[in-house]
Ligand code: 5GP
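Residue numbers (the numbering used here): 402 to 508.
Here you go:
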């Protein structure tokens, strides 16, 4: 059965899309810990991020970097935090979390 994130990519479940290319998809987290909290996923369904082949993982990080740079351009923040949790959804993803003054995580 498709993961919930694959169903989002397929348009079966609505989301706020942030960016997309042939291989990757970025969308706002439904339960954000900070304004602009975004998830970056590969369209290829893989549970654990470190099971991705190195070239694909590298391109995913480059895609995430481009999304983070775009976030920095529109959200005043110290930086965009990067996290890999993978506790809930069995589809590899990176959390991009703008660290703002309003956020509990500002330092
Ligand atoms: P993790 O697997 O990294 O622990 O957490 C998964 C993340 O996916 C959580 O931050 C959760 O809010 C987000 N999430 C789970 N289901 C959905 C969904 O249907 N739509 C969106 N936009 N985010 C989701």
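For glycine and all other residues, C-beta sits at the position ideal for the given N, C-alpha and C.
- Neighbourhood of ligand 1 [Cβ distance below 7 Å to any heavy atom], ordered by chain position: 405, 409, 414, 416, 428, 429, 430, 431, 432, 440, 486, 487, 488, 489, 490, 494 and 496
- Item | residue 429: first and last residue of the uninterrupted beta strand (DSSP E) it sits in | Here residue 429 refers to the residue found at position 28 when the chain shown is read from its first residue. Its beta strand (DSSP E) spans residues 425-429.
- Query: On the premise that residue 487 lies in contact with residue 500, defined as a C-beta separation below 8 Å, what is that separation, rounded to the nearest angstrom?
  - Reply: For the purposes of this step, residue 500 is taken as residue 99 along the chain shown, with counting starting at 1. For the purposes of this step, residue 487 is taken as residue 86 along the chain shown, with counting starting at 1. Their Cβ separation, rounded to whole angstroms, is 21 Å, which puts residue 500 and residue 487 out of contact at 8 Å.
- Message: Short of 7 Å in beta carbon distance, which residues of its chain neighbour residue 410, apart from the five on each side in sequence? Order them along the chain.
- Response: Counting from one through the chain shown, the residue named residue 410 turns up at place 9. Correct list, in chain order: 426 and 444.
- Count the other C-beta atoms from every protein chain shown that fall within 10 angstroms of the C-beta of residue 437, then say buried if there are 16 or more, exposed otherwise. On the chain shown, residue 437 is found 36 positions in, with the first residue counted as 1. Residue 437 comes out buried.
- Message: Looking only at its chain, what residues have a beta carbon closer than 6 Å to the beta carbon of residue 416, apart from the 5 residues adjacent to it on each side?
- Response: Translated into the one-based positions of the chain shown, residue 416 becomes position 15. Excluding sequence neighbours, residue 416 sits near 409 and 428.
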